[in-house]
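Residue numbering for the sequence shown follows this note's numbering, beginning at 1136 and increasing consecutively.
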Amino acid sequence: MANQTGKNSAAIERLTQVSSHLKSSEVDLAPNRDAILKKSPDDIVVTACLRTPLTKGGKGGFKDTPAADLLHGAFKALIERSKIDPSLVEDIAVGSVLPPGGGATEFRAAALAAGFPDSTSVHSLNRQCSSGLQACVEIANAIKTGMIEIGIGAGVESMSSQYGPGAVTEFSELLENHKEAANCKVPMGVLSEQMAKDRNVTRKDQDEFAASSYTKAVEAQKKGLFDEEIVPIKVKWTDPKTDETKEITVSKDDGVREGVTAESLGKIRPAFAKNGSIHGGNASQISDGAAAVLLMKRSTAEKLGQQILGKYVAASIV
């Protein structure tokens, strides 16, 4: 009981810290619409982007596929789709929360195997759930400051192979004895429970929103709305029932479930607190997958005949 009370107290304190960050950012820093839409040769633009399907960790189509192999598939498809000369790509940033082997080595190997030359540098980074976004921000800012002309921001995760008790190390006595430092160990699920209570978001609200999200995802998948952004990946997969290993092509997200209702979600046991509101049905699943985004200046894109899909405007950390 004392241990649980301590966890709740730490979660509340961390929640207060996060809330204060949000409150301090409640000013309109966004440029006006005309400024955003204005085109300039120095704009940082996206010319290609894609992802693998996202599959259930430990159960789905990528459960036996290493993170670097998923990343290789995304890299190879990005080269093919954009028709970019790989030698023009100067840097690749890869975001990953649970990188295998420290990240940089295997991710560089994935880039080399996909067709990038050894002159293309690769580095990995970790900003937790925002790691892939941070990778894109780093590449965009590197282009903006003149460090590079063309780069790729990517993200990858194999929770099937990297996630588990061993992914979280014990803190040293020094860190445990520092209150704010020790609070960094508060699990996201516990923090989310406290956030829901603080914001008066009921389980009913969450289940209804989740059910609506499932319905929309099912409809979008049936209409093929995800097909353009997804690149099918061939992998080796072992059937858990027969132990037979075979090659399969994974082309769709396997976490999209049809027939989910608020009522069916209401029967699932809470995951983080006995009387909690968050569970496996209304929280994000443990997933495997990869994504990649090609960025450069507008002037470079026009010179190379690259299709411009969007413009990087700004990023903020809260």
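Note that CB positions come from ideal geometry on N, CA and C, so glycine has one too.
Beta-ladder partner(s) of residue 1185, from DSSP: 1427
Determine which residues share a DSSP beta bridge with residue 1455 and list them. The question about residue 1455 has no answer, for the chain in this structure spans 1136 to 1453.
Between residue 1445 and residue 1326, what straight-line distance do the alpha-carbon atoms span, to the nearest angstrom? 34 Å
Nearest to residue 1407 (by Cα), restricted to the options 1328, 1272, 1285: 1328
Please classify residue 1190: does DSSP put it in a helix, a strand, or coil? strand
Is the segment 1333-1351 touching the segment 1171-1183 in the sense that three or more CB pairs, one from each, lie closer than 8 Å? no
Reduced DSSP secondary structure (H/G/I, E/B, other) of residue 1315: helix
Anyone know if the C-beta pair for residue 1403 and residue 1394 falls short of 8 Å? no
Have a look at residue 1256 and residue 1228 and give me their C-alpha separation to the nearest angstrom. 9 Å
Mapping the DSSP letters down to three states, classify residue 1161 as helix, strand or coil. Any answer about residue 1161 is weak, because its pLDDT of 46 lies below 50 and its placement is not dependable; what the coordinates show is given next. Residue 1161 falls in the coil class under three-state DSSP.
Could you tell me if residue 1452 is buried or exposed, where buried requires 16 or more neighbouring beta carbons within 10 angstroms of its beta carbon? exposed
Neighbour-count burial assignment, residue 1441, 16 or more Cβ in a 10 Å radius: buried
Burial state of residue 1375, where buried means 16 or more other Cβ atoms lie within 10 Å: exposed
Residue 1387 and residue 1356: beta carbons closer than 8 Å? yes
Would you mind sorting residue 1338 into buried or exposed? The rule is 16 or more other CB atoms within 10 Å of its CB. buried
Which of helix, strand or coil does DSSP assign to residue 1236? helix
Can the beta-carbon of residue 1126 be found closer than 8 Å to that of residue 1293? Residue numbering for the chain in the displayed model covers 1136 to 1453; residue 1126 lies beyond these limits and cannot be assessed.
Outcome for residue 1364 when other beta-carbon atoms lying within 10 angstroms are tallied against a minimum of 16: exposed
Under 8 Å, Cβ to Cβ, is there at least one residue of chain B near residue 1232? Chain labels in this structure do not include chain B; a single protein chain is all it has.
Roughly how many whole angstroms lie between the Cα atoms of residue 1436 and residue 1421? 36 Å
Tell me whether residue 1391 sits in a helix, a strand or coil according to DSSP, three-state version. coil
Give me the Cβ distance between residue 1210 and residue 1249, rounded to the nearest whole Å; I'm assuming they're in contact under 8 Å. 4 Å
Could you tell me if residue 1222 is buried or exposed, where buried requires 16 or more neighbouring beta carbons within 10 angstroms of its beta carbon? exposed
Less than 8 Å between the beta carbons of residue 1385 and residue 1368, yes or no? yes
State the Cα-Cα distance for the pair residue 1291 and residue 1425, rounded to the nearest angstrom. 4 Å
Measure the beta-carbon distance from residue 1471 to residue 1264 and round it to whole angstroms, keeping in mind my assumption that it falls under 8 Å. Not covered by the structure: residue 1471. The range shown for the chain is 1136 to 1453.
Please report the residue range of the beta strand (DSSP E) in which residue 1466 lies. The requested residue 1466 is not part of the displayed model; the chain covers only 1136 to 1453.
Is it buried or exposed for residue 1137, if we count other Cβ within 10 angstroms and need 16 for buried? Unreliable positioning characterises residue 1137 in this predicted model, as indicated by a pLDDT of 45, which lies under 50. A coordinate reading is not provided.
With DSSP collapsed to three states, give me the class of residue 1324. helix
By how many angstroms is the C-alpha of residue 1322 removed from the C-alpha of residue 1414? 14 Å
Drop a sphere of 10 angstroms on the beta-carbon of residue 1161, count the other beta-carbons inside from all chains shown, and report buried for 16 or more, exposed for fewer. Confidence at residue 1161 is low in this model, with a pLDDT of 46, below 50, so the placement of that residue should be treated as unreliable; the coordinate-derived value is given next. Looking at its Cβ environment, which holds fewer than 16 other Cβ atoms inside 10 Å, residue 1161 is exposed.
Could you have a look at residue 1279 and say whether DSSP puts it in helix, strand or coil? helix
Measuring alpha carbon to alpha carbon, tell me which of 1273, 1230, 1235, 1213 ends up nearest residue 1260. 1230
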